[in-house]
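Engineer:
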Amino acid sequence: MPRGNSKKGQGVKRRRMADPKEKEQAIASVVNPRSSGESVIDFSSDPGPSQTSTGTESNIFNENIQFSQSLPCLEESLFDQIGCYVPMKLKDKIWKHEFIDLNLLIKSPRELANFPDHEGDLVVKGGHMRIESLPCRAIPNIHTWTSAFMIYMSILLEKQSSLAQELLKYMRDIRFAANKSHGWGTYDEQFRLRKAQRPQSSWAVINQDLWSFYITTAMRDQGQSNESKVGFSSQSEPLHSFRQSSGQQNVQPPRTCNAYNTKGKQCHELQSTVWIMGSSIPHWAGITAASRSGGKNLNLDRLGVQVKWITKSGMKWKDLDSSFESEIKKWPAPNYIFIHLGANDLVSMKSKELIENIKCSILRIKVFAPDIRIIWSDILPRPYWHGTLRPKLVEIARKRVNCAVRSFIKTEGQYISRYPAIKASEHNLFRHDGCHLSQVGIGIFLNNIQAAIETFVLGVAKVFPPDK
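Take the sequence shown: its position 292, counting from 1, is numbered 276 in my numbering, and each next residue is one higher.
Written as structure tokens, this is what we have:
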């Protein structure tokens, strides 16, 4: 009778001898680490054929015991390739044409080695855990920006070498702008934000709207240098500040506060008060301004300008008169009143009626405070108009109202703030509801308000940006 078929051997499982190859694999899993910088001991825990039914043999466990081995950080060397310390995550964002903070590229290798996997800090607020976005720090001067952009170029050209001439042209444009205007940093940020939305666009083509906003309208005086007088420099000026050239004839020259610019003290010489009144757009803009450099005062302290935000979500034109009367009883009349209102009335009111209401309110304000100066803020377009089935007619009415009120404002000798860069077709400038501005849109809106107020206070022009 063959061995193992006897009655004595029935019902008893035979112990299987370990295969020599299995022993070699077990030893290799202990000796050979799985990756550089880690030592891993691997035991098999799944019950296999070597385990007896009586449990007389030891179980083999499948546990990963990892011993972390931290390596020293590389130190920067002149002989290293440009951008070799930049983490792969950042490089991937650059190759995908996503927007990045250029400040990250000029960090030391040690700082870059600790670059987080997430794009924010883990915080606990109100009993809830969330990741808050890391704030972008403004690059202080054009020399630092050039160093950062050279690293950016080097990384991008690894995958797209055909862009070399475009990138060199773009770098030349920014360096040229830095010699002419204090808005070069904002232009760069806004250009790259739009580049992320439209990767097929060319680096070499100047964005005319942005250039008009941040470079042309803030151009430095050509005939004389005021930097030594007022303490401004293209390498130290905050990115969100604007100045106008005084090359125009019969225009009051720019005035500056020496106490603020030379000694860093609060300006008390040229006090002007501006009330910003309106609905949801300026309401959210005021909240965003509080977290920006310069705060709710829009960095206009150096001109002695004080900004007061009087806003309400859902506000309509009929609410302006009562709101103004209430505030004028509590506070002295401002020097300027900036009105951004009327969009909520376009759906429910005929354009002719709205135009007449706007004119009456402006004349009424002048009766209460004859010396007050009115700043009309154009009604913005929207991708979507709530409450109507005929959005095209509402858009026509919006343009008609803006045109009529602008004409009236000019005859009254008042001021106009326009927004040619905010278009309904630019969906990234709006929230998903199609009517409120996104953070990018609010940034453009705030920069425009700041530049407009500075232009009007300095007496440079009465329309910003200038009509083409």
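Cβ atoms here follow ideal geometry from the backbone N, Cα and C, with glycine treated the same way. Predicted, not measured: the structure shown is a model, and the values here were computed from it.
Would you mind listing the beta strand (DSSP E) stretches within the region 63 to 88 that are 3+ residues and don't spill past its ends, in chain order?
Structural biologist: Runs found: none.
Engineer: Output needed for Pro183: all residues of its chain with C-beta closer than 7 angstroms, excluding positions within five of it in sequence on either side, in chain order.
Structural biologist: These residues qualify, in order along the chain: His81.
Engineer: Please go through the same chain and pick out, in chain order, the residues whose beta-carbon is closer than 8 angstroms to the beta-carbon of Lys153, but skip the five residues on each side of it.
Structural biologist: Closer than 8 angstroms at the Cβ level, and outside the excluded window around Lys153, lie Trp187, Ala188.
Engineer: Looking at Ile406 and Phe472, is the spacing between their C-beta atoms short of 8 angstroms?
Structural biologist: Look at the range of the chain in this structure, -15 to 452, and you will see that residue 472 is not part of it.
Engineer: Apart from the five residues on each side of it in sequence, which residues of its chain come closer than 7 angstroms, Cβ to Cβ, to Ala381?
Structural biologist: So the list reads Leu330, Ser335, once near-sequence residues are dropped.
Engineer: Going by beta carbon distance, what residues of the same chain come within less than 8 angstroms of Ser185, once the five residues before and after it are set aside?
Structural biologist: Contacts found: Arg178, Lys179.
Engineer: Using three-state DSSP, classify Gln149 as helix, strand or coil.
Structural biologist: Helix at Gln149.
Engineer: Mind checking who His324 pairs with in its DSSP beta bridge?
Structural biologist: The partner list for His324 (beta bridge, DSSP) reads Gly262.
Engineer: Give the straight-line distance between the Cα atoms of Lys350 and Val447, rounded to the nearest whole angstrom.
Structural biologist: Taking the straight line joining both Cα atoms gives about 20 angstroms.
Engineer: Are the CB atoms of Ile342 and Trp301 nearer to each other than 8 angstroms?
Structural biologist: Taking 8 angstroms as the Cβ cut-off, Ile342 and Trp301 qualify as a contacting pair.
Engineer: To the nearest angstrom, report how far apart Ile190 and Gly278 are at their CA atoms.
Structural biologist: Each residue's alpha carbon lies about 28 angstroms from the other.
Engineer: Let me confirm a value: Asp157 is counted as buried when at least 16 other C-beta atoms fall within 10 Å, else exposed. Which label applies?
Structural biologist: Asp157 comes out buried.
Engineer: Helix, strand or coil for Lys143? Go by DSSP, reduced to three states.
Structural biologist: In the structure shown, Lys143 sits in a helix (DSSP, three-state: H, G or I).
Engineer: Give me the Cα-Cα distance between Trp195 and Arg402, rounded to the nearest whole angstrom.
Structural biologist: Roughly 15 angstroms between the two C-alpha positions.
Engineer: What does the alpha-carbon distance come out to for the pair Tyr399 and Lys314?
Structural biologist: Looking at the two C-alpha atoms, the distance is approximately 25 angstroms.
Engineer: Within 10 angstroms of the Cβ of Tyr368, are there 16 or more other Cβ atoms? Answer buried if so, exposed if not.
Structural biologist: That one is exposed.
Engineer: Nearest CA to the CA of Leu373: which residue from Ala353, Thr395, Ser332?
Structural biologist: Checked all of Ala353, Thr395, Ser332; the closest Cα to Leu373 is Ser332.
Engineer: DSSP has Trp293 in a bridge; who is on the other side?
Structural biologist: Answer is Ile260, bridged to Trp293.
Engineer: Going by C-alpha to C-alpha distance, which of Asn125, His127, Ser138, Tyr320 sits closest to Val70?
Structural biologist: Taking only the C-alpha atoms, the option nearest Val70 is Ser138.
Engineer: Just verifying my parser: in three-state terms, what is the DSSP assignment at Ile363?
Structural biologist: In the structure shown, Ile363 sits in coil (DSSP, three-state: anything other than H, G, I, E or B).
Engineer: What distance in whole Å lies between the Cβ atoms of Trp360 and Val385, which are believed to be in contact at a cut-off of 8 angstroms?
Structural biologist: Actually they do not touch by this definition, with Cβ atoms about 11 angstroms apart.
Engineer: Give the straight-line distance between the Cα atoms of Leu338 and Glu396, rounded to the nearest whole angstrom.
Structural biologist: Approximately 18 angstroms, taken between the alpha carbons.
Engineer: Tell me whether the beta-carbon of Ile78 lies closer than 8 angstroms to the beta-carbon of Tyr171.
Structural biologist: Cβ atoms of Ile78 and Tyr171: not closer than 8 angstroms.
Engineer: Alpha carbon to alpha carbon, what distance is there between Asp193 and Ser256?
Structural biologist: Going by the C-alpha atoms only, they are around 29 angstroms apart.
Engineer: Could I get the ranges of all uninterrupted beta strand (DSSP E) runs contained in the region 330 to 406, with 3 residues as the minimum, in chain order?
Structural biologist: The qualifying runs are 357 to 361, 399 to 401.
Engineer: Note the first and the last residue of the continuous alpha helix (DSSP H) segment covering Tyr171.
Structural biologist: Run containing Tyr171: 168 to 181, per the alpha helix (DSSP H) assignment.
Engineer: For His102, name the three-state secondary structure that DSSP assigns.
Structural biologist: Legend: pLDDT at His102 = 45, less than 50; position of this residue unreliable, value from coordinates given subsequently. Note: His102 maps to coil in three-state DSSP.
Engineer: Return the residue from the list Ile84, Ile426, Ile437 that minimises the CA-CA distance to Ser275.
Structural biologist: The option with the nearest alpha carbon to Ser275 is Ile426.
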